[in-house]
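Visitor: Quick one: the structure is below, questions incoming.
Protein chains: 2
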Amino acid sequence: MTLSERKLKILRAIITDYIETAEPVGSRTLSRKYDLGVSAATIRNEMAELEEEGYLKQLHTSSGRVPSDKAYRLYVDKLMESRILAKIQRESLRDNLMQKFHEVQNLLEHSAEYLSQLTDYTSIAMAEKTKENRIKHLQLVPVDEERILVVLIMDTGLVKNTLLRIGEKLDPRELQKITNLLNHHLQGMEIRKVSQLVIENIQREFYEYRRTIEMILLHLQEVVKEVEQIDVFFSGTTNIFNFPEFNDIVKARSFLAMLEEKELIKNLLTLPDQEGLRVSIGRENLYDIAQECSLVTTTYKIDNRTIGHLSVIGPTRMDYTKVVSIMIQLNKQLNDLLRDNY
Amino acid sequence: MTLSERKLKILRAIITDYIETAEPVGSRTLSRKYDLGVSAATIRNEMAELEEEGYLKQLHTSSGRVPSDKAYRLYVDKLMESRILAKIQRESLRDNLMQKFHEVQNLLEHSAEYLSQLTDYTSIAMAEKTKENRIKHLQLVPVDEERILVVLIMDTGLVKNTLLRIGEKLDPRELQKITNLLNHHLQGMEIRKVSQLVIENIQREFYEYRRTIEMILLHLQEVVKEVEQIDVFFSGTTNIFNFPEFNDIVKARSFLAMLEEKELIKNLLTLPDQEGLRVSIGRENLYDIAQECSLVTTTYKIDNRTIGHLSVIGPTRMDYTKVVSIMIQLNKQLNDLLRDNY
DNA sequence: ATTAGCACTCACTTTAATCGAGTGCTAATT
DNA sequence: AATTAGCACTCGATTAAAGTGAGTGCTAAT
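For the protein sequence lines, the chains are D and W, in the order given.
For the first sequence, the working numbering gives the first residue as 1, with consecutive numbering after it.
For the second sequence, the working numbering gives the first residue as 343, with consecutive numbering after it.
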């Protein structure tokens, strides 16, 4: 059943007002503040019906009304007009990103920083640690007599390097030899599949350096574990204090504590495999603690493989218009950058 | 003027109690809870004197008393007995660190995590970005036709790598040649001193690759800026909510906002060049916002050059005994680790 | 020098009174 | 039939007043 034009108009006004003020909105205020062409009494009647239909909630009998998650959903899907960012802002966005573009990890982090500044909400950057990371290149770099640096480059652009203390002395030429050998065997291989068997095969072929090779590869397996750890970055976490709904210590605390639960955050950001922009509102989120929040999330891919997510999190009373339009722009710019570089 | 034995005893009891309860302590409670051998009235008189001498403060005429920063200073310097950690805990500390030891950056971060867990306060890890970073080794790694990875290893153990899009195709052998050349010229050099002049010198000597070399070295200069950024890591930030003195939203917020000021944090952690453990209490800190906090900080060095700081921050009513003894242990273990590895 | 006794202080808690934005219903109006 | 004005009622929020109790300083007794 669809809502009448007038009801939509009223609902939109209520949502707009509530997003702005965080106060339950009543019929009188509404009729005074917005030019709806009907009297407060009429609005009252419509509001009563909107409540029956589940779009509004009343905190107690004599209070104004507050939009429900269902209302926000309608608003996001149908009612709001997403603003187009001014060209100047778009360009400063691009410059800002270009400047920071050195590593994929950092790119996401910098984007998150920028995003929280632009939106005044908290933003989250998460690097997806797929289990299908393939080895693109492996390089052994001499550091001093005792130690080498193992540099591991993944096809997703992820770079990981770790110091390894090696028993024997190896001159650079030998190291390069081993590097070449390892690359020959490992390039394109999924990093998880570097099993004992593979190690033994390589060792057999290059018996002279079997000990060194074993050390390196065992080390690699340790690194894998680290690589698979979730890598989450936040920006603007204290922005949450700006919102009256988090203005009591318990709420603020549980919000910040939620952010520390990396597993939970991961699940919040990776839910369904939807294209483009995803808005999840209040109780649509499966976790209790997140049910007073909304998230706007975008997913980034290289060659159709997910490499990370960027998200804005705030109260359900979020300025969806602002956030969505900013994220659409950022999304475009980032995707261009990624396409050009990978 | 030194305090009488009895006054010290009373003062210690007051501090202990206040650290435990966060409530102003009165003479009656004191005489009941601690076995001081004198009556509440006597304690009252002594407390009045301690207040005159600046060790105690009264929030209002009819409240109990609270230790001043001066009292905490005395406590830390003279009164508290630092506990020795049980051997088992020491060993788990060591295991925990060994396991995580891959990179210097991470080592500090992991230590911070561990520290906040052990102490229940907030901990800070800061990697010192000295301007005297010297280049230990530089390695160019082929990634694909268009791009190379520049791996920069500093003598402090810091490793930085960045992707560089290079115009022309270079085969691995050529890259190695350039790598060798660059190392020959740059090893041991302070990274800041890689000036235009140096670049030109190198280019002259190896004219064939002058464009590539220029790109790499200009890129390096960008990286320098990044390297010099302050690198601060926090753990257990929400622990602050555990303390009643931060139980109002304004205090909690300003504490968390303070943590976001990297410059300020940097200055808090690097103040005087004191050996070993440094405790700075309340108003001893130069920044307004930090004046309700105390910090316990240790500094880490390699070859007498500072590489980072580890700190615990909490209310001035901090359990100094606990924090100091934990940090002394951690300090030992970490220094051992660093000595063995650098 | 120490301590018991006592009047006094003052933040904090509890209870009561008041206020006002908002509602639902009814009757009048368009 | 739809809209609106009018009105009694609800209920959280604010303000005011009264009561509570841990603590203090002073005095006089030990």
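The beta carbon of each residue, even a glycine, is placed where N, CA and C say it ideally should be.
Just so we're clear, the structure is a prediction, and the values are computed from it rather than from any experiment.
Per the DSSP calculation, I623(W) is bridged to which residue(s)?
Guide: In the DSSP output, where bridge partners are listed per residue, I623(W) has S636(W).
Visitor: Find the residues of chain D that neighbour I591(W), judging by a C-beta separation of less than 8 Å, and give them in chain order.
Guide: Chain D residues near I591(W): F241, N247, D248, I249, A252.
Visitor: What does E532(W) pair with, by DSSP beta-bridge criteria?
Guide: Paired residues: R476(W).
Visitor: Output the boundary residues of the alpha helix (DSSP H) element that contains R32(D).
Guide: Run containing R32(D): 27 to 33, per the alpha helix (DSSP H) assignment.
Visitor: For the stretch 150 to 163 of chain D against the stretch 367 to 383 of chain W, do three or more pairs of beta-carbon atoms, one drawn from each stretch, fall closer than 8 Å, so that the two count as touching?
Guide: At 8 Å Cβ cutoff, the stretches do not touch.
Visitor: I want to see whether chain D comes within less than 8 Å of L598(W), judged by CB atoms only; does it?
Guide: Answer yes: the Cβ-Cβ gap between L598(W) and chain D drops below 8 Å somewhere.
Visitor: Does N304(D) get closer than 8 Å to chain W when you measure Cβ to Cβ?
Guide: No, N304(D) does not count as interfacial toward chain W.
Visitor: Run through DSSP, which three-state label would S667(W) get?
Guide: Here S667(W) sits in helix by DSSP.
Visitor: Let me check understanding here. Comparing Cα to Cα, which of E451(W), Y414(W), L353(W) lies closest to R685(W)?
Guide: Here chain W covers residues 343 to 684 and nothing more, so residue 685(W) does not appear.
Visitor: Can you name, in chain order, every residue of its own chain whose Cβ lies under 8 Å from the Cβ of L108(D), other than the five neighbours on each side?
Guide: Cβ within range, chain order: A125, M126, A127, F233, Y300, G308, L310.
Visitor: Can you tell which of N45(D), R6(D), V279(D), L164(D) has the C-alpha that lies nearest to the C-alpha of P315(D)?
Guide: The shortest C-alpha separation from P315(D) is found at V279(D).
Visitor: With a threshold of 8 Å between beta-carbons, can T238(D) be considered close to chain W, or not?
Guide: Cβ-Cβ to chain W under 8 Å: yes for T238(D).
Visitor: Quick check: the Cα distance between K664(W) and R386(W), rounded to an integer number of angstroms?
Guide: Cα to Cα, K664(W) sits roughly 29 Å from R386(W).
Visitor: Using 8 Å as the cut-off, can you tell me whether the stretch 402 to 419 of chain W makes contact with the stretch 355 to 365 of chain W, which would need three or more C-beta pairs spanning the two stretches below that distance?
Guide: With the cut-off at 8 Å, the stretch 402 to 419 of chain W and the stretch 355 to 365 of chain W touch.
Visitor: Let's test the definition: count the other Cβ atoms within 10 Å of the Cβ of R659(W) and tell me whether it reaches 16, buried, or not, exposed.
Guide: With 16 or more Cβ atoms within 10 Å of its Cβ, R659(W) is classed as buried.
Visitor: Pick helix, strand or coil for M318(D), following the three-state DSSP scheme.
Guide: M318(D): coil per DSSP, three-state reduction.
Visitor: Let me check understanding here. Comparing Cα to Cα, which of T122(D), H110(D), E52(D) lies closest to I265(D)?
Guide: Nearest C-alpha to I265(D): T122(D).
Visitor: Can you check whether the C-beta of I495(W) is within less than 8 Å of a C-beta belonging to chain D?
Guide: I495(W) counts as touching chain D.
Visitor: Short of 9 Å Cβ to Cβ, which residues in the stretch 366 to 399 of chain W face chain D?
Guide: Flagged: no residues at all.
Visitor: Should E510(W) be labelled buried (16 or more other beta-carbon atoms within 10 Å of its own) or exposed?
Guide: Its Cβ having fewer than 16 others within 10 Å, E510(W) is exposed.
Visitor: Taking contact to mean at least 3 C-beta pairs separated by less than 8 Å, is the stretch 623 to 637 of chain W in contact with the stretch 595 to 606 of chain W?
Guide: Because the criterion of three Cβ pairs below 8 Å is met, the stretch 623 to 637 of chain W and the stretch 595 to 606 of chain W touch.
Visitor: Where do the ends of the beta strand (DSSP E) carrying N333(W) lie?
Guide: Past the boundaries of the shown model lies residue 333(W); chain W is included only from 343 to 684, so the question cannot be answered.
Visitor: At the level of alpha carbons, what is the spacing between S235(D) and L277(D)?
Guide: Using only the alpha carbons, I get a separation of about 20 Å.
Visitor: If you follow the beta strand (DSSP E) that L491(W) is part of, which residue opens it and which one closes it?
Guide: It spans 489 to 496 - the beta strand (DSSP E) in which L491(W) sits, taken as one unbroken run.
Visitor: Name, in chain order, the residues that DSSP records as bridge partners for H651(W).
Guide: In DSSP, H651(W) forms a bridge with M468(W), T641(W).
Visitor: I need the straight-line Cα distance from D171(D) to S325(D), nearest angstrom please.
Guide: So the two alpha carbons sit approximately 56 Å from each other.
Visitor: Let me see if you follow: with CB-CB separation under 8 Å, is H137(D) close to chain W or not?
Guide: Judged by the 8 Å Cβ criterion, H137(D) is in contact with chain W.
Visitor: Does the pairing of the stretch 476 to 483 of chain W with the stretch 666 to 680 of chain W give three or more beta-carbon distances under 8 Å?
Guide: Not touching, per the Cβ criterion.
Visitor: Is K7(D) closer than 8 Å to L50(D) when the C-beta atoms are compared?
Guide: Closer than 8 Å, so yes.
Visitor: Is DSSP giving P586(W) helix, strand or coil here?
Guide: Helix, per DSSP.
Visitor: Listed from N- to C-terminal order along the chain, which residues in the stretch 649 to 683 of chain W have their beta-carbon within a distance smaller than 8 Å of any beta-carbon of chain D?
Guide: Flagged, chain order: N683.
Visitor: Once the 5 residues before and after F548(W) are set aside, which same chain residues still bring their CB inside 7 Å of it?
Guide: So the list reads L523, I555, once near-sequence residues are dropped.
Visitor: Distance cutoff 8 Å, beta carbons only. Does E174(D) sit that close to anything in chain W?
Guide: So, not an interface residue.
Visitor: Does N161(D) get closer than 8 Å to chain W when you measure Cβ to Cβ?
Guide: It does: the Cβ of N161(D) has a partner Cβ on chain W nearer than 8 Å.
Visitor: Please state the DSSP three-state secondary structure of N331(D).
Guide: Looking at N331(D) - three-state DSSP - the assignment turns out to be helix.
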